[in-house]
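Note sheet for the following structure.
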Amino acid sequence: MSDERPQKPLPEEQLPEETASPERATSLEKPAPAPAPAPAPRTAPESERAPSLRASDADRERVVDRLRDAVAEGRLDMEEFEERLEATYASRTYADLEPLTRDLPAPGAPSGVPVGPRAAPAGTPGRTSWVDRIGGAGTSTTAVAVMSGFQRKGHWTVPARFNAVAFWGGGELDLREANFAEREVVITCVAVMGGIQITVPPGVEVDVRGIGIMGAFDQGSVPVPAQPGAPRVIVNGLAFWGGVEIKVKEPKSAKRVEGRERRKEL
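Take the position in the sequence shown, starting the count at 1, then add 2; the result is the number in my numbering.
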């Protein structure tokens, strides 16, 4: 008899890898899960970065405007105003400007609400650049009132030399919305038993040189430092038994806009 015995099949686990079951092959070929993405670096919100931002000339001018209002309201004396004004023009960032108005209320807001260097509404009347208001030909060079009156107001151009005469009468020169032929203009006033009133917007430098004989040249408003690029108005002449008064007021158009903004806030 032959010694050869029939060979037994090997169990499935001993089969070569290439003969393994399809289910097992599928499980072996399944890729490993991708690693989770790293979290994005945190970016500080705008409110945290704002103090370190560079301040613009417009930001500094808005702070100066608020300081002027504080002087007019009696919140600051002239010494404090001059100190803060110098610090404003030396400021480089919002963080430098913020302490200068921290103890002042915002315009039209209840006391205790601070004001900061905010952006002004575009196209606000009365806030145009001084560069746009200097240059051109004068509208008129002379105004005379003899037992009567004269007015120059609204949109007109002040010439380099302007003469105003009031004899037993009165006259008004309103420069708040006017343009200026040159960076420096001279207004010569002669008031004899009469009066002349000159109104300029904030920021315009006024130099009063007139002579009063039983009369006066009176700069009634609190002197306000000139804004950069603003025109210079020299007022000279003679007041005999009469007077020449210089006032500083906001343009009417700016007041109307501020009134509308306050009504909106209410």
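Where is the CB? At the ideal position from N, CA and C, for every residue including glycine.
Exercise. Taking all protein chains shown into account, do 16 or more other C-beta atoms lie within 10 angstroms of the C-beta of V250, making it buried, or fewer, making it exposed?
Worked result: buried
Problem set entry | Straight-line gap, G138 to V160 (C-alpha atoms, nearest Å) | 9 Å
Exercise. Under a three-way DSSP split, which group does R64 fall into?
Worked result: helix
Exercise. Which stretch, first to last residue, makes up the alpha helix (DSSP H) that contains T90?
Worked result: 80-92
Problem set entry | Alpha-carbon spacing of L78 relative to Y91, whole angstroms | 18 Å
For this session: Kindly give me the distance between the Cβ atoms of A57 and T95, rounded to whole angstroms, as I take these residues to be in contact under 8 Å.
Result: 6 Å
Exercise. What are the complete beta strand (DSSP E) segments, minimum 3 residues, inside the region 136-175?
Worked result: 144-148, 151-154, 163-169
For this session: Following the continuous beta strand (DSSP E) through L240, name the residue where it begins and the one where it ends.
Result: 234-242
Exercise. Excluding the five sequence neighbours on either side, which residues of its own chain have a C-beta within less than 8 Å of the C-beta of S49, listed in chain order?
Worked result: Because the pLDDT of S49 is 38, which lies under 50, any placement of that residue in the model is unreliable, and the number read from its coordinates should be weighed accordingly. Nothing listed; no residue qualifies.
Problem set entry | Contacting residues, own chain, Cβ-Cβ under 6 Å from A180 (five flanking each side not counted) | W158, V160
Exercise. CA-CA distance, I236 and V73?
Worked result: 24 Å
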